[in-house]
Amino acid sequence: MSKTIARKKTIFSCQHCGYQSPKWLGKCPDCNSWNSFIEEDYAPAAASGRDNRRGAAGYDRPPVLLKDVEVTDAARTATGIIELDRVLGGGIVTGSVVLIGGDPGIGKSTISLQISNQLTAAGRTVLYVSGEESVAQTKLRAQRLGAGRGGEKLYIVNQTDLALVTQYIRELKPDAVFIDSIQVLFDAGIGSAPGSVSQVRECAGILTQLAKSSGTSVFIIGHVTKEGTLAGPRVLEHIVDTVLYFEGDRFSTYRILRAVKNRFGSTNEIGVFEMASEGLKEVRNPSEIFLSERPKDVSGSVVVSTVEGGRALLVEVQSLVSRSNFGYATRRAHGFDFNRLTLLVAVLEKRMGLALESQDIFVNVAGGFKIEDPACDLGVTLAVASAFLDRTVRADTAVLGEVGLTGEIRSISQIAVRLNEAQKLGFKQCVVPANSVKGLKAAGIGITLIPVSTLKEAMDLIIEGRAKK
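Under our numbering, think of the first position of the sequence shown as 27, with each following residue one higher.
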């Protein structure tokens with residue numbers, strides 16, 4: 027009597043998109059990435075075992091009519107962390123899956139324990155699955171953060187087996203589950219190692235279906251690659267409902283939490299935190315923090331306004347221009363797009379006649395913030411011109427406007443929100459595009475507006491001593 031022996035088979039999976047091939051490929055035919063295939067030993071589980079896991083995760087529920095689905099007002103749960111709730115769109119959606127990514131040491135596990143503490147303080151049941159730390163080590167970190175002082179509804183377990191984790195979830199029926207991290211979790215039915223493409227994809231899929239069927243909100247912590255993207259296949263980001271990224275230097279004080287995907291809210295909102303010994307502290311007024319150390323009466327310093335969602339932030343743009351000692355001038359930008367900087371420098375050379383071709387130009391956004399708003403173009407341009415001419419810009423002036431290739435100043439969006447933030451921080455005047463001033467008369471803006479139409483006009487009015495030359 028013959029027996030069927032289940033043998034492992036070797037497959038190659040793309041680390042970026044999860045595309046699988048029976049042989050190694052130099053270039054992925056799906057995402058066009060090079061040298062991204064890794065070898066995996068894959069042994070498919072028995073059909074009965076796979077069906078049992080799928081059924082337990084909620085695959086056996088029949089279809090229902092949309093009109094029969096009831097949605098209650100308690101569909102969201104506030105975490106008690108205002109900056110996080112803003113990024114999530116108002117709180118945690120019941121049954122949602124949130125992926126948290128970021129560099130090592132930037133605060134992913136810290137924010138997870140702080141959320142756990144807030145939820146348990148509100149009477150919610152939380153399960154924290156730590157696959158990288160023992161229970162005692164997690165307790166030490168929780169004590170340092172002031173989390174888990176109540177302890178009645180915060181469960182901690184050190185486990186990496188997906189079958190046991192799903193069993194704990196079904197038994198405890200928690201309101202929220204934290205997986206730290208998805209790269210160490212494994213499904214015994216897959217022969218590849220934990221952290222591989224197949225393991226990450228399968229574990230995330232089962233956890234997602236379990237969250238949808240049980241109403242448990244799941245937070246998954248994901249590692250990042252050396253390029254700064256989430257490790258594992260891109261399908262991991264497609265499976266979950268929300269993807270949150272921590273931005274900022276791990277050696278810096280401030281952290282910025284940004285949603286790059288959110289099925290239940292906007293992806294334009296950000297949350298600002300300060301890393302302290304007791305964990306991540308909310309920064310309620312980021313503009314004041316970013317401008318707290320701004321020098322006075324120094325050339326090359328300009329304050330600009332950028333909008334993230336419904337929030338306007340004022341940040342300082344610094345520029346340094348010095349004569350190059352080599353044949354090729356250096357251009358560097360930190361927190362601002364390099365290609366955009368090159369374009370603005372070319373406009374200064376061509377339209378304003380500034381001899382910048384032999385000058386090293388450095389631009390930095392203070393506080394480690396990154397700006398992509400075109401409304402900051404004029405501020406960056408004036409900062410470079412101010413540094414080159416060694417002329418200062420008035421410290422009580424904020425600058426708004428997009429710069430065109432012909433040197434014209436184009437209108438910007440949400441100007442009233444930007445001006446209100448500038449007025450709140452004590453700025454006396456603001457440079458704005460002339461076309462953006464038309465609808466502001468009835469807005470009650472208590473700040474002096476300086477409308478400009480061209481870059482030359484802005485430089486003559488704002489850079490001190492420019493008009494006298």
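By construction, the Cβ of each residue, glycine as well, lies at the ideal position given by its N, Cα and C atoms.
Given residue i as reference, the closest of the options once Cα atoms are compared
| i | options | result |
| --- | --- | --- |
| V329 | F299, S59, T407 | T407 |
| V231 | V463, V124, I137, K464 | In the sequence on display, residue 231 carries Gly and not Val. For the residues V463, V124, I137, K464, the minimum Cα distance to G231 belongs to V124. |
| R135 | M301, S278, P89 | The residue asked about is misnamed: residue 135 is Ser in this sequence, not Arg. Checked all of M301, S278, P89; the closest Cα to S135 is M301. |
| D201 | E383, A237, S218, I64 | A237 |
| K450 | S462, F245, A338, R436 | A338 |
| C456 | L369, E308, I132, A421 | A421 |
| P459 | I476, I471, F453, R349 | I476 |
| S303 | A401, T103, G133 | G133 |
| R366 | A401, E383, S350 | A401 |
| A189 | Q225, E308, R167, I296 | Q225 |
| A168 | I141, Y194, A148 | I141 |
| Y194 | G215, T480, L233, V371 | L233 |
C-beta atoms of residue i and residue j nearer than 9 Å
| i | j | result |
| --- | --- | --- |
| R320 | S122 | no |
| G326 | R377 | no |
| Y280 | G393 | yes |
| R196 | G305 | no |
| V113 | A285 | yes |
| V341 | S313 | yes |
| T186 | F212 | yes |
| T332 | D399 | yes |
| E66 | G241 | no |
| G520 | G291 | Here the chain has residues from 27 to 495 only, and residue 520 is not among them. |
| S39 | S47 | yes |
| I438 | G430 | no |
| G361 | I397 | yes |
| V347 | Q385 | yes |
| I441 | L466 | yes |
| N184 | T164 | yes |
| T146 | S243 | no |
| G274 | L110 | no |
Buried or exposed by the 16-neighbour rule on C-beta atoms within 10 Å, applied to residue i
| i | result |
| --- | --- |
| I108 | exposed |
| L160 | Leu is not the amino acid found at residue 160; the sequence shown has Ser there. Classification of S160: exposed, given that the 10 Å Cβ count is below 16. |
| D416 | exposed |
| Y45 | buried |
| F352 | exposed |
| E334 | buried |
| H42 | buried |
| D77 | At D77 the pLDDT is 45, less than 50, meaning the model places this residue with poor confidence; the figure from the coordinates comes in the next sentence. The residue in question, D77, is exposed, as its Cβ has fewer than 16 Cβ neighbours within 10 Å. |
| S28 | With a pLDDT of 44 at S28, under the threshold of 50, the predicted position of this residue should be treated as unreliable, and no value is reported. |
| N311 | exposed |
| K179 | buried |
| T474 | exposed |
| V90 | exposed |
| E447 | buried |
| R444 | buried |
| G172 | exposed |
| T36 | exposed |
| S318 | exposed |
| E383 | exposed |
| E295 | buried |
| D94 | exposed |
| V478 | buried |
| L92 | exposed |
| Q209 | buried |
| T368 | exposed |
Own chain, CB closer than 8 Å to residue i, minus 5 neighbours either side, in chain order
| i | result |
| --- | --- |
| L198 | T151, L153, Y181 |
| G84 | Because the pLDDT of G84 is 48, which lies under 50, any placement of that residue in the model is unreliable, and the number read from its coordinates should be weighed accordingly. So the list reads Q235, L236, K238, S239, S240, once near-sequence residues are dropped. |
| G472 | Q449 |
| G452 | D422 |
Assumed close pair residue i, residue j - CB separation to whole angstroms, cut-off 8 Å
| i | j | result |
| --- | --- | --- |
| A413 | I489 | Their Cβ separation, rounded to whole angstroms, is 10 Å, which puts A413 and I489 out of contact at 8 Å. |
| G157 | G248 | Actually they do not touch by this definition, with Cβ atoms about 12 Å apart. |
| G405 | V373 | Their Cβ separation, rounded to whole angstroms, is 14 Å, which puts G405 and V373 out of contact at 8 Å. |
| D206 | V266 | Not quite, the Cβ-Cβ distance comes to about 15 Å (not below 8 Å), so this is no contact. |
Own chain, CB closer than 6 Å to residue i, minus 5 neighbours either side, in chain order
| i | result |
| --- | --- |
| A409 | G326, V328, V343, S345 |
| S278 | G394 |
| V269 | L125, E263, V286, K287 |
| R358 | F388 |
| C57 | H42, C43 |
| I137 | L306 |
| F63 | F38, C40, W50, L51 |
Spatial neighbours of residue i in its chain, beta-carbon cut-off 7 Å, leaving aside the 5 residues before and after
| i | result |
| --- | --- |
| R227 | G44, P259, V261, L262 |
| L380 | L374, A411, F414 |
| E308 | I107, I108, E109, F299 |
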